[in-house]
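Using my numbering, you'd call the opening residue of the sequence shown number 3 and step up by one each time.
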Amino acid sequence: MNDLFDRLRELLLDAGYTIDGVRERLGEVAATALSREETVPALRATRDGDPLGTLIRLWWLGVPVDAPEGLPVAELAAAGLVTSDGGRVVSTVHLQPWETGGYVVSDRKVRPGDPALRPDHVVGAGGASANLAQLVTRRPVERALDLGTGCGVQVLHLAGRAREIVATDVNPRALELARIGWALSGIRDVDAREGSLFEPVAGERFDLVVSNPPFVISPAGRFTYRESGFEADGFCRDLVRQAPRFLAPGGTCQLLANWLHVRGEDWRDRVGGWLTGTGCDGWVVQRDVQDPAEYVELWLRDAAEQGTARYRELYDGWLGWLESMDVTGIGFGWITLHDSGTLDPVVRVEELGQRVELPVGGYVDEVLGSIAAAHRLPGAELPGVRLALAEGVLEERVGPPGAEDPSRITLRQTRGLRRTARVGTVEAALAGVCDGDYPLGPLLAAIAELTGEDADDLLAKAPEAIRPLVAEGFFHISTG
Ligand SMILES: C[S@@+](CC[C@H](N)C(=O)[O-])C[C@H]1O[C@@H](n2cnc3c(N)ncnc32)[C@H](O)[C@@H]1O
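As structure tokens, then:
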């Protein structure tokens with residue numbers, strides 16, 4: 003079978019069926035419309051019957067085509083990827099190039115008016131897949147686990163960074179399609195295993211666990227690709243709570259998650275509570291919150307159920323179920339756990355609404371390091387610590403024209419998470435002089451002299467003022 007996929011890959015590459023090739027062939031307008039799942043402009047752009055246009059129609063747009071020259075139709079039909087009625091060929095799957103250079107194979111995309119999804123529908127790579135991929139650490143690892151691999155897209159990103167990859171899914175059909183995608187991408191030796199949560203890897207340890215899990219919070223587990231059948235947000239909670247048992251020392255677990263906002267409960271306590279007691283350092287980021295109605299609409303649309311006869315009934319039932327739990331919203335975000343081996347773990351839970359530098363995976367280890375370093379920095383040792391201002395931090399001063407002192411000073415990161423912090427004159431002065439050469443004690447003493455403040459007072463306040471700026475990556479502790 004691998005020989006068939008090697009030949010198919012060659013044919014796809016020769017025809018230019020790549021991310022860039024498709025975009026160029028479709029043109030800006032049709033390609034952008036396709037990224038919004040609107041196919042009409044792409045169908046219009048590919049009417050000529052040229053080889054690349056035909057492959058786009060066959061594999062991406064899902065319409066019948068005249069068999070392209072060289073396509074091994076009989077073999078592909080035997081492998082279950084196409085059906086053919088003599089001259090015309092229709093694909094039974096969605097096969098698209100991916101940003102890593104490989105290919106992703108999934109069930110055909112559902113569009114409004116399509117028949118209802120099968121319960122074991124295998125969803126293709128999309129926005130959430132790309133979000134997780136950009137979040138995952140770029141650090142090379144020995145063993146990686148992709149839990150809930152689906153169409154196998156995370157493996158495409160892990161290949162080359164992990165020496166050994168195990169990919170699991172509860173849906174055997176997902177593993178079947180993922181294997182085809184990996185073969186087409188030239189990725190061999192993925193250890194694919196069927197089973198729920200960590201069941202297939204009992205007793206094993208990984209340096210990296212990634213998961214874009216079935217996080218959708220719904221009253222019934224109707225579709226395996228997005229709903230686990232666990233109660234409410236229980237799947238993500240259990241994944242987080244169990245993950246540390248499967249992490250090797252120094253290992254990291256990164257996942258996307260949804261969580262409930264329940265009346266009378268702070269969401270930070272809810273999700274933070276999933277991580278306490280794991281023994282790992284943790285970082286939870288809420289990127290978005292939707293109200294219950296928006297949430298239900300999003301997922302009914304996702305399964306192309308808008309406009310169907312059952313739409314109102316499903317909407318009503320889902321909303322009523324959320325109401326019965328006093329749900330006021332649903333949070334979307336990232337969770338990262340790091341087995342740092344400490345006896346004093348720290349969990350940071352925060353909201354980040356701003357655009358951040360991508361990929362976060364390029365600096366996520368640094369973010370975790372800053373959070374941990376700030377937490378474990380003994381206040382008494384602070385005067386001896388040398389701090390360095392992080393690269394790309396700018397200072398903004400705002401005040402009435404002509405005023406001697408600004409009414410507001412802000413430090414702004416132009417890199418990484420692009421955080422901002424409102425600071426006082428002392429921290430601003432420190433930002434101006436901290437280059438890692440001098441310990442904080444003498445620097446604060448010099449600043450006290452300049453500003454007329456009491457040096458002991460400044461030193462006493464330093465832990466409270468400086469620690470958050472270290473945790474948020476404005477200052478690094480200099481070890482040089
Ligand atoms: C949102 S898809 C993620 C697919 C892919 N990893 C990605 O990043 O796009 C979630 C996957 O989790 C799988 N899944 C559902 N329930 C599961 C369970 N109990 N244990 C493991 N995987 C599960 C689904 O079959 C589906 O393939």
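No residue lacks a Cβ here, since even glycine has one placed at the ideal position from N, Cα and C. Given the structure is predicted, the values throughout are model-derived calculations rather than measurements.
Euclidean distance between Cα positions of residue i and residue j
i: Trp336; j: Gly103; result: 25 Å
i: Ala146; j: Ala250; result: 10 Å
i: Glu30; j: Arg59; result: 17 Å
i: Pro294; j: Val218; result: 12 Å
i: Trp285; j: Ala376; result: 14 Å
i: Asp1; j: Thr310; result: The structure shown does not extend to residue 1, since the chain is modelled only from 3 to 482, so the question has no answer here.
i: Asn260; j: Gly333; result: 5 Å
i: Glu178; j: Arg247; result: 28 Å
i: Val112; j: Asn173; result: 19 Å
i: Thr85; j: Asp191; result: 29 Å
i: Gly401; j: Arg410; result: 7 Å
i: Arg2; j: Arg357; result: Residue coverage of the chain in this structure runs from 3 to 482, which leaves residue 2 outside it and unanswerable.
i: Tyr313; j: Gly266; result: 31 Å
i: Pro66; j: Ser93; result: 8 Å
i: Leu370; j: Gly386; result: 23 Å
i: His159; j: Trp61; result: 22 Å
i: Ser108; j: Trp276; result: 32 Å
i: Gly18; j: Thr416; result: 37 Å
i: Arg270; j: Val349; result: 10 Å
i: Leu354; j: Thr41; result: 33 Å
i: Pro73; j: Phe7; result: For the sequence presented, residue 73 should be read as Leu rather than Pro. Answer to the nearest angstrom: the Cα atoms are 11 Å apart.
i: Ala464; j: Leu384; result: 8 Å
i: Glu466; j: Ala473; result: 11 Å
i: Leu137; j: Asp148; result: 14 Å
i: Ala47; j: Glu144; result: 45 Å
Proximity to residue i [Cα-Cα], best of the options
i: Thr412; options: Arg399, Val348, Val143; result: Arg399
i: Glu206; options: Ala185, Ile182, Gly253; result: Gly253
i: Pro142; options: Arg410, Asp456, Gly364, Ala457; result: Gly364
i: Val91; options: Tyr105, Ser108, Gly64; result: Gly64
i: Ser326; options: Asp346, Cys153, His263; result: His263
i: Ala374; options: Thr48, Pro361, Thr338; result: Thr338
i: Ser342; options: Ala433, Gly281, Arg110, Val203; result: Gly281
i: Gly475; options: Trp301, Lys463, Ala433; result: Ala433
i: Arg181; options: Leu446, Leu452, Leu83; result: Leu83
i: Leu134; options: Cys255, Arg469, Leu186, Ile167; result: Cys255
i: Gly443; options: Asp193, Ala382, Leu149, Val425; result: Ala382
i: Leu28; options: Phe225, Gly394, Arg49, Asp283; result: Arg49
i: Gly188; options: Tyr440, Ala161, Thr170, Ala204; result: Ala161
i: Asp469; options: Gly418, Gly231, Pro380, Glu166; result: The displayed chain sequence assigns Arg, not Asp, to residue 469. The option with the nearest alpha carbon to Arg469 is Pro380.
i: Asp122; options: Arg175, Ala130, Ala81; result: Arg175
i: Leu324; options: Val362, Val273, Ala222; result: Ala222
i: Arg289; options: Glu296, Val351, Asp22, His340; result: Val351
Q.
Ignoring anything shorter than 4 residues, give me the alpha helix (DSSP H) runs that lie fully in the segment 438-468, in order along the chain.
A. Fully enclosed alpha helix (DSSP H) runs of 4 or longer: 442-453.
Q | Within the segment 383-447, ranges of the alpha helix (DSSP H) (whole runs, at least 4 residues) | A | For the segment 383-447, the continuous alpha helix (DSSP H) assignments of 4+ residues that do not extend past its boundaries occur at 427-435, in sequence order.
Q. Where in the segment 247-332 do unbroken runs of the alpha helix (DSSP H), each at least 4 residues long, occur, reported from the N-terminal end onward?
A. Qualifying alpha helix (DSSP H) stretches, in chain order: 269-277, 294-304, 313-326.
(Q) Pairs of beta-carbons, one from the segment 124-134 and one from the segment 239-246, closer than 8 Å: are there three or more? (A) No: fewer than three Cβ pairs fall under 8 Å.
Q. Are at least three pairs of beta-carbons, each pair with one atom in the segment 32-40 and one in the segment 65-81, less than 8 Å apart?
A. Contact between the segment 32-40 and the segment 65-81 is absent, because fewer than three Cβ pairs lie under 8 Å.
**Q.** Uninterrupted alpha helix (DSSP H) stretches inside the segment 47-89 (no shorter than 4 residues)
**A.** Listed in chain order, the complete alpha helix (DSSP H) runs (minimum 4 residues) inside the segment 47-89 are 53-57, 75-80.
Q | Complete runs of the beta strand (DSSP E) confined to the segment 96-172 [at least 3 residues] | A | The segment 96-172 contains these whole beta strand (DSSP E) runs: 105-109, 143-149, 164-171.
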